[in-house]
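**Q**
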Amino acid sequence: MKKYVTLVPESSHHIYKIGLGTYDILKSGLSDEKLRELLTDFLDMGGNVIDTSISELGLRRDEVEESQKFIGRWISSCNRRESIYLISKSSFLLSNNTFDSLLNDLNISLKNLNTDYLDLFLIDGDDEKTDVSLILGYLEDIKKDGKILNYGCSNWKPYRIRQAMEYAKKHNIGGFVVNQMLWNAGVFGMDESKIEDKYVKMDSEMMDIHNEFNILAMPYSALANGFFAKLYLNEMEPQTVDMEELKLTSPYYTEKNLDLYEELKIIGEKYIASPSWAALGYLFNQNIETCSIISVNNLNQLKEAFEAVDIKYTFEDFKSIDMFNIDEILV
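At position 256 of the sequence shown the residue is numbered 415 (our numbering), and the sequence of numbers has no breaks.
1. Within the chosen definition, does the region 375–391 reach the region 431–449 through at least 3 CB pairs nearer than 8 Å?
2. Leaving aside the five residues before and after residue 219 along the sequence, list all residues of the same chain whose C-beta is less than 8 Å from its C-beta, in chain order.
3. In three-state terms, what does DSSP make of residue 337?
4. By the three-class DSSP mapping on this structure, what secondary structure does residue 441 have?
5. For the region 187–238, which segments carrying the beta strand (DSSP E) assignment without a break, of at least 3 residues, lie completely within its bounds, in sequence order?
6. If you draw a straight line from the C-alpha of residue 389 to the C-alpha of residue 400, how long is it?
7. Using beta-carbon positions only, say whether residue 449 and residue 193 come within less than 8 Å of one another.
8. Does the distance from the CB of residue 307 to the CB of residue 276 come in under 8 Å?
9. Would you tell me roughly how many angstroms separate the C-alpha atoms of residue 328 and residue 457, rounded to the nearest one?
10. Residue 431 by DSSP, collapsed to three states: which one?
11. With distances taken Cα to Cα, identify the nearest neighbour of residue 242 among 260, 213, 209 and 271.
12. Are there 16 or more other CB atoms within 10 angstroms of the CB of residue 395, so buried, or fewer, so exposed?
13. Please state whether DSSP places residue 489 in a helix, a strand or coil.
14. Just to confirm, are residue 442 and residue 343 a CB contact at a threshold of 8 Å?
15. Over what stretch of residues does the alpha helix (DSSP H) that includes residue 261 continue unbroken?
16. Tell whether a beta-carbon distance below 8 Å holds between residue 453 and residue 179.
17. Given a cut-off of 8 Å on the beta-carbon distance, is the pair residue 319 and residue 291 in contact?
18. What span of residues does the beta strand (DSSP E) with residue 326 cover, start to end?
19. In terms of residues, what are the limits of the beta strand (DSSP E) holding residue 282?
20. In three-state DSSP terms, what is residue 173?
21. If you drop the 5 nearest sequence neighbours on each side, which residues of the same chain put their C-beta closer than 6 Å to that of residue 269?
22. Which same chain residues end up closer than 7 Å to residue 184 when comparing Cβ atoms and leaving out the 5 residues on each side of it in sequence?
23. Helix or strand or just coil, what does DSSP make of residue 248?
24. So, for residue 274: in the same chain, excluding its five sequence neighbours on each side, which residues have a beta-carbon less than 7 Å away from its beta-carbon?
25. Alpha carbon to alpha carbon, how far is residue 360 from residue 402?
What follows is the structure in structure tokens.
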């Protein structure tokens, strides 16, 4: 097994160290034909994690569901379902969530994606008033029915993940095999006034839980919404990026992250890589297993992401930006 392939806990699935986030794939500006080519190239290059969702509310749900339907049409046409580690999510932010509402979201995803099972089903968001035993009971029933192979959580607070995993251990069930959270090299320097409360960031408590219960970390926004890439592009080709707009709208535009960008440039120069791909290397050099969810708009970006996986970064490269006082990395 190549060292950059991750084994999903409680399963025999080996997945690539990067996954493709597809919520906004229809906003990429690419034609349908080019999008299908990009998805197929992702598989051809060794990737297999396709992250989809219908967990948003209102008009945003319509957008992500259309993206999911596009993925479903591509899956049908490429005839490679068994090669894909397919993920979808259901929102669980409301107090009136029931087994039927969860099952309805799952069935919609299965129909949209033209498949009869998901490799991973995530509960996105958490109604903290609902006992974890009820939620895990729902998920176990769905798993026994064969519609999902595994389940996990997204944007759950650490104390709730611990409650769920302790309940799972006590009752001899698998529990969460994956946790998705907001995590990238720039997340600790963010301007939190520019992000929604529903997003839960990686922190030391969550890191401890991942270690204790062997949960795979699946960071989303792993490239910090392209923040470091935009800084680099503007430096290489001045005035190609609207820096005033970036400054006003990006939660990553802070003095701390501008300093971090300079450090990432130094790391990148060592390996002939851009700062944004060095930032991805930060997520690879942790003492827990990770699969980082990224979004790309063209084949060149995809190739660079795969090249970043192959770069032999060391823990020492990222020691100055380590937020968790890690003594050693997982290799």
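C-beta atoms are modelled at their ideal positions from N, C-alpha and C, and glycine is treated no differently.
**A** This is what the structure holds:
1. Output reads yes: the region 431–449 touches the region 375–391.
2. On the sequence shown, position 60 is the one that residue 219 refers to. Closer than 8 Å at Cβ, skipping near neighbours: no residue.
3. As a working note, residue 337 is residue 178 in the sequence shown. Three-state DSSP puts residue 337 in a strand.
4. Locating residue 441 in the sequence shown gives position 282, where the first residue counts as 1. When DSSP states are grouped into helix, strand and coil, residue 441 belongs to the helix group.
5. Within the region 187–238, the complete beta strand (DSSP E) segments of 3 residues or longer fall at 208–210, listed in chain order.
6. Counted from its first residue, the sequence shown places residue 389 at position 230. Counted from its first residue, the sequence shown places residue 400 at position 241. Their Cα atoms are separated by approximately 7 Å.
7. In the sequence shown, residue 449 corresponds to position 290, counting from 1. In the sequence shown, residue 193 corresponds to position 34, counting from 1. Against a cut-off of 8 Å, the Cβ pair of residue 193 and residue 449 comes out as no contact.
8. On the sequence shown, residue 307 is found 148 positions in, with the first residue counted as 1. On the sequence shown, residue 276 is found 117 positions in, with the first residue counted as 1. Inclusion of residue 307 and residue 276 in the CB contact set at 8 Å is warranted, their separation being smaller than that value.
9. By 1-based counting over the sequence shown, the position of residue 328 is 169. By 1-based counting over the sequence shown, the position of residue 457 is 298. Here the alpha carbon of residue 328 sits roughly 43 Å from the alpha carbon of residue 457.
10. Position 272 of the sequence shown holds residue 431. Three-state DSSP puts residue 431 in coil, outside helix and strand.
11. Translated into positions along the sequence shown, residue 242 becomes position 83. The shortest C-alpha separation from residue 242 is found at 209.
12. Against the sequence shown, residue 395 aligns to sequence position 236. Exposed, since its Cβ has fewer than 16 Cβ neighbours within 10 Å.
13. One-based indexing of the sequence shown puts residue 489 at position 330. For residue 489, the predicted model reports a pLDDT of 44, less than 50, meaning its position is unreliable; a value from the coordinates is still stated below. Shown here, residue 489 sits in coil according to DSSP, grouped into three states, outside any helix or strand.
14. In the sequence shown, the residue the question calls residue 442 occupies position 283. In the sequence shown, the residue the question calls residue 343 occupies position 184. Going by C-beta atoms, residue 442 is nearer than 8 Å to residue 343.
15. Counting from one through the sequence shown, the residue named residue 261 turns up at place 102. Bounds of the alpha helix (DSSP H) holding residue 261 are 258–271.
16. Looking up residue 453 in the sequence shown gives position 294. Looking up residue 179 in the sequence shown gives position 20. For residue 453 and residue 179, yes; Cβs fall inside 8 Å.
17. Along the sequence shown, one-based indexing puts residue 319 at 160. Along the sequence shown, one-based indexing puts residue 291 at 132. Taking the C-beta atoms as reference points, residue 291 is found nearer than 8 Å to residue 319.
18. Mapped onto the sequence shown, residue 326 falls at position 167. That residue, residue 326, is in no beta strand (DSSP E); its alpha helix (DSSP H) goes 317–329.
19. Start at 1 with the first residue of the sequence shown, and residue 282 comes out as number 123. 279–283 is the extent of the beta strand (DSSP E) around residue 282.
20. Counted from its first residue, the sequence shown places residue 173 at position 14. Assignment of residue 173 by DSSP, reduced to helix, strand and coil, places it in the strand class.
21. Within the sequence shown, numbered from 1, the residue matching residue 269 stands at position 110. Cβ within range, chain order: n/a, list empty.
22. The sequence position of residue 184 within the sequence shown is 25, counting from 1. Cβ neighbours of residue 184 beyond the five flanking positions: 194, 226 and 229.
23. Your numbering for residue 248 matches position 89 in the sequence shown. The answer is strand: DSSP assigns residue 248 an E or B state.
24. Walking along the sequence shown from the start, residue 274 turns up at place 115. If the five residues before and after residue 274 are omitted, its C-beta is found closer than 7 Å to the C-beta atoms of 234, 240 and 245, all from its own chain and listed in chain order.
25. Along the sequence shown, read from residue 1 onward, the residue named residue 360 stands at position 201. Along the sequence shown, read from residue 1 onward, the residue named residue 402 stands at position 243. The C-alpha of residue 360 lies about 26 Å from the C-alpha of residue 402.
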